[in-house]
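Student: This is the structure I have questions about; it appears just below.
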Ligand code: ADP
């Protein structure tokens with residue numbers, strides 16, 4: 177990994193801790209008290225259709241560590257052009273085929289090598305993945321049902337999570353997915369994942385299909401819920417603004433082959449998305465990342481690189 181952490185990370189920390197806002201150290205990792213990392217990639221390469229004419233190297237020699245911070249967790253965002261391997265990385269953490277297993281290297285989650293999907297990880301996708309024939313409550317409680325949790329308990333927990341994601345447990349619980357807006361459906365998807373209390377939450381462009389205003393609301397919701405559940409979030413986005421606002425850590429990925437080009441530490445989001453996104457440090461950080469991405473994209477479009 178080529179890390180530009182020191183230079184960009186320092187600048188980000190200085191900018192974001194300015195004014196009267198209390199500063200959280202950004203360039204150094206807070207102590208993880210010797211706990212195994214939340215997610216660790218060591219020299220991971222993925223080649224699809226290896227040995228066939230359709231062979232494709234999706235990611236090559238990717239290594240990174242996301243610490244497991246006690247009582248907090250953190251949000252890591254993955255930013256990069258299409259095809260740089262973001263989904264491959266995320267779905268490998270989830271233990272989903274065909275992304276998993278890696279062709280070379282190892283993926284560890286909470287100190288254990290990934291051998292397949294597990295209850296310690298939950299995933300939220302961009303496309304609304306609700307069951308059309310189940311109500312909101314039926315969707316939110318589906319995982320609990322699979323775990324054999326009694327109906328009364330799972331319905332109570334389901335209603336609690338419906339409320340937590342900003343839906344109305346009385347009015348919305350009995351609705352079906354086709355009766356909901358895109359934003360509401362993603363709230364259901366988030367509730368369905370968080371009700372299972374995963375330690376690691378994997379989000380593949382979950383807000384990519386939403387209109388800009390709903391997207392900001394959802395970003396605020398995520399920051400609020402993440403503080404409550406203290407999980408580690410891995411979040412893929414195409415939006416530089418979203419990556420900067422949500423990320424405690426931004427992984428910038430490059431393509432051909434897919435790899436991590438930079439890892440940048442950020443301070444935690446201190447105020448709502450609408451307020452944060454008009455602050456000067458925010459614009460500066462977005463411009464810096466945008467410029468970095470343009471260099472990566474230009475290099476990828478040059479033949480032979
Ligand atoms: P991103 O999420 O950044 O758009 P992906 O991880 O989806 O990137 O894909 C990385 C590369 O691997 C792309 O070139 C893509 O075409 C290829 N790829 C992804 N999934 C498969 C697959 N199941 N079979 C073959 N190639 C794949």
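In the numbering used here, the protein residues as written are 177 to 481. Just so you know, even glycine gets a beta-carbon here, dropped at the ideal spot from N, CA and C.
Enumerated in chain order, which unbroken segments of the beta strand (DSSP E) with a length of 3 residues or greater are wholly contained in the stretch 228-270?
Tutor: 232-242, 251-255
Student: Cutting at 7 Å between CB atoms, please list the residues of its own chain near residue 247, excluding the five before and the five after it.
Tutor: Same-chain partners within the cutoff: 406.
Student: Identify whether residue 439 lies in helix, strand or coil by the three-state DSSP scheme.
Tutor: strand
Student: Could I get the ranges of all uninterrupted beta strand (DSSP E) runs contained in the stretch 362-428, with 3 residues as the minimum, in chain order?
Tutor: 376-380, 408-413
Student: When the Cα atoms are used, what is the spatial distance from residue 327 to residue 265?
Tutor: 36 Å
Student: By DSSP, does residue 346 sit in helix, in strand, or in coil?
Tutor: coil
Student: Rounding to the nearest angstrom, what Cα-Cα distance links residue 426 and residue 420 in this structure?
Tutor: Taking the straight line joining both Cα atoms gives about 7 Å.
Student: Find out if the Cβ-Cβ distance for the pair residue 172, residue 424 is shorter than 8 Å.
Tutor: Residue 172 is absent from the structure shown; the chain starts at 177 and stops at 481.
Student: Please go through the same chain and pick out, in chain order, the residues whose beta-carbon is closer than 7 Å to the beta-carbon of residue 286, but skip the five residues on each side of it.
Tutor: If we look at residue 286 and ignore the five residues flanking it on each side, its Cβ neighbours are 212, 214, 244, 296, 375.
Student: What is the DSSP secondary structure of residue 470, counted as helix, strand or coil?
Tutor: helix
Student: For residue 430, name the three-state secondary structure that DSSP assigns.
Tutor: strand
Student: Touching or not, the stretch 310-325 and the stretch 364-373, by the rule of three or more beta carbon pairs under 8 Å?
Tutor: yes
Student: Beta carbon of residue 252: closer than 7 Å to some heavy atom of the ligand ADP?
Tutor: no
Student: Mark residue 267 as exposed unless 16 or more other C-beta atoms lie within 10 angstroms of its C-beta, in which case mark it buried.
Tutor: Buried, since its Cβ has 16 or more Cβ neighbours within 10 Å.
Student: Return yes when at least one heavy atom of the ligand ADP lies under 7 Å from the C-beta of residue 260, else no.
Tutor: Yes, Cβ of residue 260 sits closer than 7 Å to a heavy atom of the ligand ADP.
Student: Based on the DSSP output, what are the partners of residue 224 in its beta bridges?
Tutor: 232
Student: Please name the residue in 442, 472, 324 whose C-alpha comes closest to that of residue 458.
Tutor: 442
Student: Between residue 307 and chain D, is any beta-carbon pair separated by less than 8 Å?
Tutor: Of the protein chains in this structure there is only one, and it is not chain D.
Student: I need the DSSP call for residue 216, collapsed to helix, strand or coil.
Tutor: Three-state result, residue 216: strand.
Student: Counting Cβ pairs closer than 8 Å, one from the stretch 412-419 and one from the stretch 378-391, do we hit at least three?
Tutor: yes
Student: Starting from residue 310 and walking both ways along the alpha helix (DSSP H), at which residues does that stretch end?
Tutor: Careful: residue 310 lies outside any alpha helix (DSSP H) and carries neither H nor E.
Student: Starting from the C-beta of residue 471, find all residues in its chain whose C-beta is less than 6 Å away, skip the five residues before and the five after it, and write them out in chain order.
Tutor: none
Student: From the DSSP output, read off the bridge partner residues of residue 452.
Tutor: Partner(s): none; residue 452 has no beta bridge.
Student: In three-state DSSP terms, what is residue 294?
Tutor: coil
Student: Based on the DSSP secondary-structure assignment, which residues constitute the bridge partners of residue 283?
Tutor: 217
Student: Are there any heavy atoms of the ligand ADP lying less than 7 Å away from the beta-carbon of residue 229, as far as the coordinates show?
Tutor: Of the heavy atoms belonging to the ligand ADP, none sits nearer than 7 Å to the Cβ of residue 229.
Student: Using a 10 Å radius around the Cβ and a threshold of 16 neighbouring Cβ atoms, would you call residue 291 buried or exposed?
Tutor: exposed
Student: Which residues in the same chain as residue 377 place their Cβ atom closer than 6 Å to its Cβ, once the five residues preceding and following it in sequence are excluded?
Tutor: 298, 407, 409
Student: Please report the distance separating the alpha-carbon of residue 230 from that of residue 257.
Tutor: Inter-residue distance for residue 230 and residue 257 is about 21 Å (C-alpha atoms, whole angstroms).
Student: Using 8 Å for Cβ pairs, my map puts residue 371 next to residue 334. What's the rounded Cβ distance?
Tutor: 6 Å
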